[in-house]
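In this note's numbering, the protein residues as written are 1337 to 1648.
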Ligand code: APR
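What follows is the structure, given as structure tokens:
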């Protein structure tokens, strides 16, 4: 039997995720959205592309949840995207309703699923999904770290003219402007970034990484990034379904790691068929620890706001 991935929210990120997944023949796909006809149209269009690329996958579009039954993975991207000048946190209120409903409807039909959350503010929405589904923390993961790290890798590649494959970057913390791009653990073919790049160029890359999502929002004028976020989800889905034990930066529920408790927060996690198998800890210097605490404060504040709002 083929694996099944349901994607809630068939907008830009959701449908692009379906595209990456179908092209890699990773699973049958269900696209769910509230807009009538849209998920059905996108599913049909994508299915009609598969004879050309020579891949087999069943692709279903729907406005309901019954078709999601027995999913192995549920990806939640439903929500409102950021508009120019809007922070990810501004989206909290509107998106909590949407994600809460999506999580509640899907868990009834797929009690064994692993959840990947994209809707922003990401770390808080992952927390909400865990509460609503009542799943163990290993089975709820937020997509953010692969994306933030990929952006940093892209900027280093542009700077040095080196293949993206040689560049390994690690971004920790909340998926917001206080995220913590690591400059010593990140490297080019093993050479730490702080040794290969002049300090001011490295600082510029760190800043651009932190504001990477906003840069795309300003350029697009309407909507937010979707190619890179969707590619990141596809990598997570593949790691889980193929039980790869792949270590990637992602938002996971911390229970003491990095001195933090009871929040979803970006850290290196090992992904396999049971979800988050392990969370790794870097030895951070004083400055990195301080930056991480600042980022954690932001996430904690939003989780508190959510708890008051939806009475968790
Ligand atoms: N149930 C299902 N789908 C919904 C619901 C709902 N209750 N409410 C909204 N949607 C759908 C919208 O109809 C839309 O098609 O979610 C989709 C969101 O898609 P886009 O507006 O294209 O936004 P996108 O760029 O995909 O971003 C979605 O992911 O990266 C994050 O910050 C981003 O929170 C945002 C989310």
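Just so you know, even glycine gets a beta-carbon here, dropped at the ideal spot from N, CA and C.
- Looking from the CA of residue 1432, the closest CA among 1451, 1348, 1416 belongs to 1416.
- The stretch 1566–1575 and the stretch 1510–1525 do not touch, with fewer than 3 CB-CB distances between them shorter than 8 Å.
- The C-beta distance from residue 1375 to residue 1349 rounds to 13 Å, too long to meet the 8 Å contact threshold.
- Here the stretch 1436–1450 does not lie against the stretch 1581–1590, with fewer than 3 beta-carbon pairs under 8 Å apart.
- A check of alpha carbon separations from residue 1572 across 1337, 1508, 1420, 1450 identifies 1450 as the nearest.
- In the DSSP annotation of this structure, the continuous segment of the beta strand (DSSP E) that includes residue 1368 starts and ends at 1364–1368.
- A residue is called buried once 16 or more other Cβ atoms fall within 10 Å of its Cβ, and residue 1621, having fewer, is exposed.
- Under the three-state reduction of DSSP, residue 1502 is assigned to helix.
- Judged by pairs of C-beta atoms under 8 Å, the stretch 1374–1390 does not touch the stretch 1595–1606, as fewer than three such pairs exist.
- Here the alpha carbon of residue 1423 sits roughly 35 Å from the alpha carbon of residue 1578.
- Here residue 1576 is not near residue 1453, since their CB atoms are 8 Å or more apart.
- If you check the CB distance, residue 1635 and residue 1510 come in under 8 Å.
- The distance from the Cβ of residue 1606 to that of residue 1619 is about 18 Å, inconsistent with a contact at the 8 Å cut-off.
- Taking the CA atoms as reference points, residue 1500 sits about 13 Å from residue 1526.
- Not one heavy atom of the ligand APR lies closer than 7 Å to the C-beta of residue 1446.
- The three-state reading of DSSP puts residue 1617 in coil, since its state is none of H, G, I, E or B.
- Check the Cα spacing between residue 1366 and each of 1354, 1360, 1373: the tightest is with 1354.
- Just measuring C-alpha positions, the residue of 1427, 1611, 1338 sitting nearest residue 1641 is 1427.
- In this structure, residue 1458 sits near residue 1478, with a CB-CB distance shorter than 8 Å.
- Rounded to whole angstroms, residue 1404 and residue 1530 show a C-alpha spacing of 46 Å.
- Annotated as proximal: residue 1359 and residue 1389, with beta-carbon spacing under 8 Å.
- In this chain, residue 1589 is not harboured by any alpha helix (DSSP H); it is covered by the beta strand (DSSP E) spanning 1582–1591.
- Per the C-alpha coordinates, the member of 1400, 1407, 1372, 1373 positioned closest to residue 1362 is 1407.
- In the structure shown, residue 1342 falls within a strand segment according to DSSP collapsed to helix, strand and coil.
- Within the stretch 1434–1514, the runs of beta strand (DSSP E) that reach at least 3 residues and sit entirely inside it are, in chain order, 1450–1453, 1476–1478.
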